[in-house]
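To keep things clear, I will list the structure first and then write my remarks on it.
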Amino acid sequence: MKYEIAYLSLSGNAEKLAHGIADSLPHNQTLVTNLAHKRITSKADIYIIGFGMNKGTVPIDIINTLDELQGKRIMFFVTCGLDPSEKHQKDVEKKLFPFMPDDCDYCGLFMCRGKIPDNVVKAIYDKLIERGDNQSAMKILEEAALSENHPDSTDIENACAFISKYI
Ligand SMILES: Cc1cc2nc3c(=O)[nH]c(=O)nc-3n(C[C@H](O)[C@H](O)[C@H](O)COP(=O)(O)O)c2cc1C
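Here is the structure:
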């Protein structure tokens, strides 16, 4: 097996990308692992790791998975509710770098928007109702509206194009 796509996805956004990426790779050489249920096999050559941002952090199961990737080629796909700007991307990479094995072949990180769950958007909206001048709640609601229909088919295509540069 050449490729292992491992992901952690709380509301299904990174999972959508994981399956879209898997569909673009040779089926008989690709394994998809949901880290909520299983650990990685460590048997593939190329690791394509995905997750959704959570309160500014990288999920701990992703950090723990990196421990098992000595000598592997690694790339990431990340969904986020806030603007996936270059700065946001670099901030996420900075959180990952200290945990990356020294001898891995790190290729890069793809980032796109992912819908923020309705209950979270509602909780932020309620904060805005409590205090109409809550600038940060207003900003997050604007971002949530922009992320509402993501990841979409273009995000999946872009993720596949990103991955294809390194495999
Ligand atoms: C509790 C919670 C915290 C979140 N924190 C962030 C964050 O810090 N930055 C961000 O860009 N998006 C944040 N989001 C939005 C998620 O990153 C976004 O919905 C992502 O696509 C979720 O991917 P998943 O469904 O694969 O887990 C948060 C969402 C939730 C529910």
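So the sequence shown is numbered by the numbering used here: it starts at 4 and just counts up by one. Just so you know, even glycine gets a beta-carbon here, dropped at the ideal spot from N, CA and C.
- The straight-line gap separating the alpha-carbon atoms of Phe79 and Val61 is approximately 12 Å.
- Collapsing the DSSP output to three states places Asp94 in a helix.
- Here the region 124-135 does not lie against the region 98-112, with fewer than 3 beta-carbon pairs under 8 Å apart.
- Taking the C-beta atoms as reference points, Ile43 is found no nearer than 8 Å to Thr82.
- Per DSSP, the beta bridge partners of Asp108 are Arg76.
- Distance from the C-beta of Leu85 to the nearest heavy atom of ligand 1 is below 7 Å.
- By the Cβ-count criterion, Thr33 is buried, with 16 or more other Cβ atoms from all chains shown falling within 10 Å of its own Cβ.
- Rounded to the nearest angstrom, the gap between the Cα atoms of Met4 and Asp48 is 8 Å.
- For Met4, the CB stays at least 7 Å from every heavy atom of ligand 1.
- A distance criterion of 7 Å places the beta-carbon of Ser45 beyond contact range of ligand 1, judged by its closest non-hydrogen atom.
- Shown here for Gly74: same chain residues with a beta carbon closer than 6 Å to its own, the five before and five after excluded, namely Asp106 in chain order.
- The C-alpha of Phe113 lies about 6 Å from the C-alpha of Ala162.
- Under the three-state reduction of DSSP, Leu28 is assigned to coil, being neither helix nor strand.
- For Leu34, the enclosing beta strand (DSSP E) begins and ends at Thr33 to Asn37.
- Asp158 and Asn137 have their C-alpha atoms roughly 31 Å apart.
- Ligand 1 has no heavy atom closer than 7 Å to the beta-carbon of Val61.
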